[in-house]
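Numbering (my numbering), first residue to last: 16 to 323. Read the structure below first, then the notes.
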């Protein structure tokens with residue numbers, strides 16, 4: 016009987032290095048856009064609690080095969096639990112033999128932010144940037160970490176509907192909690208939306224011309240974080256088909272997806288200079304697969320070293 020090792024949260028955190036993850040994510044996004052990834056549309060199951068969801072996300076690349084189960088439970092913070100809980104099964108792509116089962120909560124948080132980081136590096140120069148974050152959960156924290164790795168942050172302003180959550184998160188990431196979303200967004204060079212909102216929390220009229228918005232939340236066709244004016248800017252997606260069929264921000268606004276970020280990274284699409292960019296990222300299964308492969312390789316190497 017095959018008994019794959021179980022890598023808990025501590026092991027995943029120990030073996031998933033951001034400096035290794037960034038180039039892996041960049042390559043995965045280019046491979047996705049070039050058709051070198053086998054990845055069906057994710058399955059989404061609505062759960063009993065309002066706005067609670069189960070996602071099933073498989074993907075295969077040349078070097079990795081994985082599927083992830085992830086729940087989004089907005090009521091979890093009140094229970095002392097993360098909003099997102101994820102578990103991933105990594106398999107040998109040649110044989111289908113399970114290689115590892117791992118807690119994928121931190122993996123999801125870091126790879127999501129890593130996508131925003133590689134997009135920022137591709138779309139903006141390396142001068143200091145003013146960052147605004149709407150949301151105060153785990154993805155707010157991981158974005159502050161990942162973005163700081165690719166661009167100097169002049170300051171961080173954060174807003175969340177729950178003031179206490181905003182203040183706690185702002186303290187942890189070295190930012191300032193704002194009383195309202197507009198105060199956080201005004202004059203920001205980079206804006207990250209990582210909320211549980213199903214109606215717009217970011218209005219286009221607040222955006223500084225030339226800003227880059229990482230629209231990460233609102234993963235359902237009827238949910239949105241951005242209003243029509245914001246979505247009227249230059250829209251890039253992590254995956255065009257996913258954005259056009261799963262993103263309420265895109266669907267409800269009638270926005271046109273101009274290109275995929277993988278095309279920008281590969282140099283096959285040039286984004287016009289000076290435009291305000293909305294990067295709609297729904298999170299792709301290939302990102303989980305390559306991140307999990309990094310974790311497994313590092314854990315295996317450590318085990319081999321310990322046994323030597």
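The beta-carbon is built from N, C-alpha and C at its ideal position, and this holds for glycine as well.
Where does residue i sit, in a helix, a strand or coil, going by DSSP?
i: residue 86; result: strand
i: residue 118; result: strand
i: residue 61; result: strand
i: residue 288; result: coil
i: residue 274; result: strand
i: residue 315; result: helix
i: residue 102; result: strand
i: residue 170; result: strand
i: residue 75; result: strand
i: residue 216; result: coil
i: residue 320; result: With a pLDDT of 45 at residue 320, under the threshold of 50, the modelled position of this residue cannot be trusted; read the value that follows with caution. The answer is helix: DSSP assigns residue 320 an H, G or I state.
i: residue 148; result: strand
i: residue 92; result: helix
i: residue 17; result: coil
i: residue 53; result: strand
i: residue 22; result: strand
i: residue 192; result: strand
i: residue 33; result: helix
Determine whether the beta carbon atoms of residue i and residue j lie at a separation below 8 Å.
i: residue 230; j: residue 240; result: yes
i: residue 141; j: residue 116; result: no
i: residue 31; j: residue 160; result: no
i: residue 158; j: residue 209; result: yes
i: residue 175; j: residue 150; result: yes
i: residue 79; j: residue 299; result: no
i: residue 301; j: residue 114; result: no
i: residue 238; j: residue 213; result: yes
i: residue 314; j: residue 22; result: yes
i: residue 33; j: residue 133; result: no
i: residue 73; j: residue 82; result: yes
i: residue 39; j: residue 316; result: no
For my contact list, residue i and residue j are in at a C-beta cut-off of 8 Å; report their separation, rounded to the angstrom.
i: residue 293; j: residue 250; result: 5 Å
i: residue 89; j: residue 76; result: Not quite, the Cβ-Cβ distance comes to about 32 Å (not below 8 Å), so this is no contact.
i: residue 127; j: residue 101; result: About 11 Å separates the two Cβ atoms, so there is no contact after all.
i: residue 199; j: residue 147; result: 4 Å
i: residue 236; j: residue 261; result: 6 Å
i: residue 37; j: residue 129; result: 6 Å
What residues match up with residue i in a beta bridge as DSSP calls it?
i: residue 229; result: 207 and 294
i: residue 238; result: The partner list for residue 238 (beta bridge, DSSP) is empty, contrary to what the question assumes.
i: residue 1; result: Within the shown structure, residues of the chain are numbered from 16 to 323, placing residue 1 beyond reach of any answer.
i: residue 113; result: 106
i: residue 80; result: 75 and 106
In chain order, what residues of the same chain lie with their CB nearer than 7 Å to the CB of residue i, ignoring the 5 residues before and after it?
i: residue 91; result: 97 and 98
i: residue 61; result: 68
i: residue 20; result: 115
i: residue 324; result: Nothing about residue 324 can be reported from this structure: the residues present for the chain run from 16 to 323 only.
i: residue 220; result: 244
i: residue 112; result: 17 and 106
Please work out which residues of its chain come closer than 8 Å, Cβ to Cβ, to residue i, disregarding the five sequence neighbours upstream and downstream, and give them in chain order.
i: residue 295; result: 230, 250, 251, 252, 253, 258, 262, 264, 265 and 272
i: residue 170; result: 145, 146, 190 and 191
So, for residue i: in the same chain, excluding its five sequence neighbours on each side, which residues have a beta-carbon less than 6 Å away from its beta-carbon?
i: residue 248; result: 291 and 293
i: residue 207; result: 148, 158 and 229
i: residue 197; result: 221
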